[in-house]
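Enquirer:
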Amino acid sequence: MHTPPFAFLLLTPALAAPTMFAGGPKYIAGTAYFNPAVVGQPVHWSGGVVNYYVDHGPLNVKISNQQATAMVDAAAAIWSGVPTAGVRLTNAGSLNEDVSGATIVAGNQLFASPSDVTPSATGYPLAVIYDADGSVIDGLFGVGSSDPTSCQNNGVFPWLDNIQPDATIAHAVILVNGLCATNASLIEMMQYELERAFGRILGLDYAQVNPSALAMNDPNATLGWPVMHPMSGVCGAAGGVCIPNPDQLRDDDIAALNRIYPVTASNLASFPGKQLTTINTISIQGTISFRTGAGMQGVNVVVRPLDVNGNPLYQYTVTSVSGAYFSGNHGNPVSGWNDPSGNPLAQWGSNDPALQGFFDLGGIPLPPDMTMADYQVTFEPINPLYMLTESVGPYLSGSPEPSGTMPIITIPGMSAGSSQTLSVNIADSAEGSIQDAIATPDMPRMLAPSGLWCGRLSQVGQTDWFAFPVRSGHTFTVVTQALNENGIPTETKALPAIGVWDAFKPLAAPNLNWAPALNGYATGETWLQVTATADDIVRLGVADMRGDGRPDYAYNGWVLYADTVKPPRLPATGGPIVIRGMGFRSSDTVLIDGKKAVVTSVSPNEITAIAPPAAAETTGSVDVEVDDLPMFYAIAILPGGVSYDSGTGDSLTLNTAPSNTVPIGVPIPFAVTALGPTLSPAGNVTVTFSVVSGNATLGCGASICTTTAAGDGAAAMTVTAPTSSASVVTASLTNGVSLQAHFMGGTPPVLAALAPNLSVAAGATVNWTTQALALSSGAPAAGQTVSWKAADNIAALGPASSTTSVTGIASKSLAVGPLTPGQQAVSSACLNGTTQCVNFTAFGARPEYAWLESVSGTAQTLSASGTPGVVTLRVRDMNGNLMAGATVTFYQALYAWTPPCPPHGRCAQSPLLATQTATATSALDGTVSFSPVFLSGIPTNLIALAATGNTSTLIVTVENHP
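Per mature numbering (1 follows the signal peptide of the UniProt record, and there is no 0), the sequence shown runs over residues -16 to -1, 1 to 946.
What follows is the structure, encoded as structure tokens:
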């Protein structure tokens, strides 16, 4: 591990290594661990007196212990020498040993030994250690941490390792890297780093002063750079001069020290020769707020004296960060309430809202030779790159930009002892027209149907909560994009973190997954991909990473989720599909099995596309992926969302099949139904019938026949046993699912009826073509006469007899009906006038109980130039038999095409273009067909209703989209 030079390690008796906190002073007591009476106060040395003890050994082979200690004493002296600060840094002698890599025992980046440098060694409150060969640094922080090629970062390591509940410091360490003091330039830089180290040990924060000094080419502006500059001035690996006059504190350093350690009447006697702070400096305090009144935290408040011509004197610049005493990280329900070491974030910074926008510019010395001056107060953002170990102000993860137009304020006639209080309300700052987060974890808002929303985290600790359903195995992406007050993506406002929970689990349950802020590629983007492990309701939380909240913390939210694909099965050549879900955008692309589909239309909830042909030898279920690339890197995946032919989970169920002993030479149907995983019909899949053993023959005349299942999943093939041998015939899908029929041939009757039963709607009349098969010794008998006998409500059309063909089959059309409900009418067919007869029976079915099922064409989506396919339905009677003669009415209403309804507001009114009503009578196989109304080349939406019987209806939709 390579630890930066001023990365403070803190240790309290109760909490090991708490996370750093940045503020006006560096450390502010919070509500956890500290006594209630000191919450919001700077962490400091009690009484301002700090005794430090130096190492026994040399700094390195060139710099002796005496020389190294002189450097330390000189650095301490510049802080002790501030006449208005109650601080005294005193060299109290030596430690008990030469601390080296051989004598230390490291414990969690702190000393466990020797005893006089451990956190509990309060008798040696500040240990200054000379690490001659870098072994101590490497032993604490990892091999390579003392790297001499990075001395601007690891020349001096200061840290506090014992802070008491009364907000006082009990022990600290300064560790000096001897490998970084090997030439004059490095020694010069180390002297400056020692000064900064003492400032940190005293509890001072870094300060942003005259950040544009180099660009301004103004030497007076660089003279204002403080010792506590966040980036070590202009120092680099080679060392040298980091800031002008590095051995002198600037007004900003002095004022910051005065505020933490003021000289008062009660402690003046402890600091002989020093002056009372209040009456010898000026003070400007105040609050900066949004127009809502909420404090605006993280603004760098800058004060400069003016010369006689009203020009700012940049060399005397003093700064303070608003909200420095208020917490910069409150924790949040997404990433948690503790730091990585398990310590509560609430131990740093006040939770008093009155301090959120408060700034303190007290303790400012007047410029030399001036007893009175006008002062200019300005407000500026903190460089967002000042974060973590180089942070300025209360935010470790980067300060948000101010909102609105910052004023320039002039305060006239300030003299020693003067004070001024400002109340700065930014009238044009963000107020927010976006809805605030109003939901709670136990009562989340339902996500907008579009999957898109705008949110705002306007108050500290506020979190947005949403809920939405997902299907097992589906991958979805949640995206947020932080916005500034003008709606422009930014990375300097809110830091949205995203968490996803199982909504059915207790509120205290850990999240399923979460993403830290700004982890995406687009400006201000946070993204999180989640794969659902079960059909579930998801609870989504969006919180500021710091647990912060301001009126200008707006963001756009978006969930990209694909729910279903229709149709679920495609031929190998591909074809049109419709993907339904949410969060779809016009830039989205679709991949089917990794191959790009042609997207034809996109709305937030629907994508229509043309799936590509299947790859060579690809059958079965393949993934469907919706991508929003490359900017947001959002994807939605439906595993096995569509299949080329039968898919994973598709199956076959048996309707009828030959079994045991069947008549030789008589074709017998082998009928199956293809079903999907949810037992819905698997229409359009390929069903293969194969003779796997024996000498059976199939209706196609070959040993292997394929057919395509109808829209209701039905598929059939006739099977004939030509001899008495045993045979096995299978019906199978491309996914390997199969059914078997086992049978053998036997002696047939002289005459057999083919399809001897018919269900007819009561009151209807139909023409029924019946067939009888004549056999002789199991072979078709041609030239035989078959006579049909009339019966009640059944009459033969034409001659009453017919002659068998070479296949042994005689056919006859019969006029059947009308029949009464439940009536059976039987017509017999006899061979050559003998008693070798078979019966053909018609049943009078009650039409009021008939019901409809879809065969094909009931849900069509095609372009405006396309021609809709025929709608085919099937009628069954109350017992599930195919029903002939049933009346089906088809009502059609054709509307002008309109886009899907928006997530908010009213749907667009769709003009009615045409209507049509048609009726049809079901055929012998129960089917009826209708042609949809359409207008060629014109985008339309057709809504139709098919009805039969008293209650059976079926909705038909046809979309000709633009």
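We put the CB at the ideal spot given by N, CA and C, even for glycine. This structure is a prediction, so every number in the text was calculated from the model and none was measured.
Name, in chain order, the residues that DSSP records as bridge partners for lysine 580.
Expert: As a working note, residue 580 is residue 596 in the sequence shown. Note: lysine 580 sits in a beta bridge opposite Leu575.
Enquirer: For lysine 796, which beta-bridge partners are listed by DSSP?
Expert: Translated into the one-based positions of the sequence shown, residue 796 becomes position 812. Partner(s): Thr754.
Enquirer: Can we say the segment 791 to 810 touches the segment 753 to 762, given the rule of at least three CB pairs closer than 8 Å?
Expert: Yes: the two stretches touch, three or more of their Cβ pairs being nearer than 8 Å.
Enquirer: Going by beta-carbon coordinates alone, are proline 349 and aspartate 235 separated by less than 7 Å?
Expert: Here residue 349 refers to the residue found at position 365 of the sequence shown. Here residue 235 refers to the residue found at position 251 of the sequence shown. Yes.
Enquirer: Closer than 8 Å is the cut-off here; do at least three beta carbon pairs connect the segment 182 to 195 with the segment 334 to 348?
Expert: Not touching, per the Cβ criterion.
Enquirer: If you run the structure through DSSP and keep just helix, strand and coil, what is tyrosine 505?
Expert: Mapped onto the sequence shown, residue 505 falls at position 521. Three-state result, tyrosine 505: coil.
Enquirer: Is the distance from the Cβ of isoleucine 12 to the Cβ of glycine 333 below 7 Å?
Expert: Position 28 of the sequence shown holds residue 12. Position 349 of the sequence shown holds residue 333. Yes, the pair counts as a contact, with Cβ atoms nearer than the cut-off.
Enquirer: Terminal residues of the continuous beta strand (DSSP E) containing serine 838?
Expert: As a working mapping, residue 838 is identified with position 854 in the sequence shown. Serine 838 -> beta strand (DSSP E) spans 835 to 840.
Enquirer: Counting pairs of Cβ atoms below 8 Å between the segment 660 to 676 and the segment 716 to 724, do you hit three or more?
Expert: Touching, yes, given that three or more Cβ pairs across the two stretches are closer than 8 Å.
Enquirer: Look up glutamate 177 in the DSSP assignment and give the residues it is bridged to.
Expert: On the sequence shown, residue 177 is found 193 positions in, with the first residue counted as 1. In DSSP, glutamate 177 forms no bridge with anything.
Enquirer: Does DSSP put phenylalanine 5 in a helix, in a strand, or in coil?
Expert: Here residue 5 is taken as the residue at index 21 of the sequence shown, counted from 1. Caution is warranted here: a pLDDT of 33 is assigned to phenylalanine 5, below 50, making its placement in the model unreliable, and no coordinate value can be reported.
Enquirer: Given this structure, state the Cα-to-Cα distance separating asparagine 313 from valine 127, to the nearest angstrom.
Expert: Locating residue 313 in the sequence shown gives position 329, counting from the first residue. Locating residue 127 in the sequence shown gives position 143, counting from the first residue. Those two C-alpha atoms are separated by around 31 Å.
Enquirer: Let me confirm a value: serine 178 is counted as buried when at least 16 other C-beta atoms fall within 10 Å, else exposed. Which label applies?
Expert: Position 194 of the sequence shown, counting from 1, holds the residue named residue 178. Just to set this straight, residue 178 is leucine in the shown sequence, not serine. With 16 or more other Cβ atoms within 10 Å, it is buried.
Enquirer: Sorted by chain position, which residues of the same chain lie with C-beta nearer than 6 Å to alanine 516's C-beta, five sequence neighbours on each side aside?
Expert: As a first step, residue 516 is located in the sequence shown; it is residue number 532 there, counting from the start. Result list for alanine 516: Val454, Ser456, His458, in chain order.
Enquirer: Please report how far the alpha carbon of proline 203 lies from the alpha carbon of glycine 294, in whole angstroms.
Expert: In the sequence shown, the residue the question calls residue 203 occupies position 219. In the sequence shown, the residue the question calls residue 294 occupies position 310. Whole-angstrom Cα-Cα distance: 19 Å.
Enquirer: Can you tell me where the beta strand (DSSP E) holding tryptophan 498 begins and where it ends?
Expert: Within the sequence shown, residue 498 is the residue found at index 514, counting from 1. From DSSP, the beta strand (DSSP E) with tryptophan 498 extends over 497 to 499.
Enquirer: From serine 267 to phenylalanine 488, what does the alpha carbon distance come to, in whole angstroms?
Expert: The count along the sequence shown starts at 1 and reaches residue 267 at position 283. The count along the sequence shown starts at 1 and reaches residue 488 at position 504. Spanning the two alpha carbons is a distance of roughly 56 Å.
Enquirer: Quick check: the segment 392 to 406 against the segment 259 to 274, are at least 3 beta-carbon pairs closer than 8 Å?
Expert: Because the criterion of three Cβ pairs below 8 Å is met, the segment 259 to 274 and the segment 392 to 406 touch.
Enquirer: Provide the residue(s) that pair with cysteine 814 in DSSP beta bridges, ordered along the chain.
Expert: In the sequence shown, counting from the first residue as 1, residue 814 sits at position 830. Ser771, Cys821.
Enquirer: From this set, Asp520, Phe310, Gly483, which residue's C-alpha is nearest tryptophan 511's C-alpha?
Expert: Start at 1 with the first residue of the sequence shown, and residue 511 comes out as number 527. Of the candidates Asp520, Phe310, Gly483, the one whose C-alpha sits nearest the C-alpha of tryptophan 511 is Gly483.
Enquirer: Taking the straight line between their C-alpha atoms, what separation do you get for isoleucine 594 and threonine 584?
Expert: Locating residue 594 in the sequence shown gives position 610, where the first residue counts as 1. Locating residue 584 in the sequence shown gives position 600, where the first residue counts as 1. Cα-Cα distance, rounded: 7 Å.
Enquirer: Excluding five sequence neighbours on each side, which residues of the same chain lie with their C-beta closer than 6 Å to the C-beta of isoleucine 778?
Expert: For the purposes of this step, residue 778 is taken as residue 794 along the sequence shown, with counting starting at 1. Excluding residues within five positions, the ones whose Cβ falls inside 6 Å are Leu798, Val800, Ala809, Ser811.
Enquirer: Measure from the alpha carbon of tyrosine 539 to the alpha carbon of each residue in Cys438, Lys580, Leu233, then state which is nearest.
Expert: Start at 1 with the first residue of the sequence shown, and residue 539 comes out as number 555. Here the closest residue by C-alpha is Cys438.
Enquirer: Between the alpha carbons of proline 946 and valine 462, how many angstroms are there, rounded?
Expert: If you number the sequence shown from 1, residue 946 lands on position 962. If you number the sequence shown from 1, residue 462 lands on position 478. Spanning the two alpha carbons is a distance of roughly 30 Å.
Enquirer: Could you check the C-alpha separation between proline 228 and serine 304 for me, to the nearest Å?
Expert: Along the sequence shown, one-based indexing puts residue 228 at 244. Along the sequence shown, one-based indexing puts residue 304 at 320. Their backbone Cα atoms lie some 22 Å apart in a straight line.
Enquirer: Under three-state DSSP, which class holds threonine -5?
Expert: Counting from one through the sequence shown, the residue named residue -5 turns up at place 12. Only weak support exists for where threonine -5 lies, its pLDDT of 36 falling under 50; the coordinates are left without a value.
Enquirer: With C-beta atoms as the reference, is glycine 828 less than 7 Å away from leucine 803?
Expert: Stepping through the sequence shown from its first residue, residue 828 is reached at position 844. Stepping through the sequence shown from its first residue, residue 803 is reached at position 819. A contact, by the Cβ cut-off of 7 Å.
Enquirer: Are the segment 557 to 577 and the segment 634 to 648 in contact at 8 Å, needing three or more beta carbon pairs?
Expert: With the cut-off at 8 Å, the segment 557 to 577 and the segment 634 to 648 do not touch.
Enquirer: Only counting runs of 3 or more residues, tell me where the beta strand (DSSP E) segments fall wholly within the segment 411 to 462, in order along the chain.
Expert: Entirely contained in the segment 411 to 462, the beta strand (DSSP E) runs reaching 3 residues are, in chain order, 436 to 440, 447 to 454.
Enquirer: What does the alpha-carbon distance come out to for the pair alanine 780 and glutamate 832?
Expert: In the sequence shown, the residue the question calls residue 780 occupies position 796. In the sequence shown, the residue the question calls residue 832 occupies position 848. Rounded to the nearest angstrom, the two C-alpha atoms are 28 Å apart.
Enquirer: Report the three-state DSSP secondary structure of arginine 523 (helix, strand or coil).
Expert: Taking the first residue of the sequence shown as 1, we reach residue 523 at position 539. Reduced to three states, the DSSP call for arginine 523 is strand.
Enquirer: Since alanine 693 and alanine 658 are thought to touch, with beta carbons under 8 Å apart, how far apart are those beta carbons, to the nearest angstrom?
Expert: As a working note, residue 693 is residue 709 in the sequence shown. As a working note, residue 658 is residue 674 in the sequence shown. The pair is a contact, with the Cβ atoms about 5 Å apart (cut-off 8 Å).
Enquirer: Would you kindly work out how many angstroms separate the C-alpha atoms of alanine 411 and threonine 389, rounded to a whole number?
Expert: Position 427 of the sequence shown, counting from 1, holds the residue named residue 411. Position 405 of the sequence shown, counting from 1, holds the residue named residue 389. Approximately 8 Å between the Cα atoms of the pair.
Enquirer: Can you check whether the CB of glutamine 844 is closer than 7 Å to the CB of glutamine 876?
Expert: Stepping through the sequence shown from its first residue, residue 876 is reached at position 892. Stepping through the sequence shown from its first residue, residue 844 is reached at position 860. No, Cβ-Cβ distance for glutamine 876 and glutamine 844 is not below 7 Å.
Enquirer: Does DSSP put cysteine 885 in a helix, a strand or coil?
Expert: Taking the first residue of the sequence shown as position 1, residue 885 is located at position 901. Coil at cysteine 885, not helix or strand.
Enquirer: Consult DSSP for serine 936 and reduce its assignment to one of helix, strand or coil.
Expert: For this step, residue 936 is matched to residue 952 along the sequence shown. Reduced to three states, the DSSP call for serine 936 is strand.
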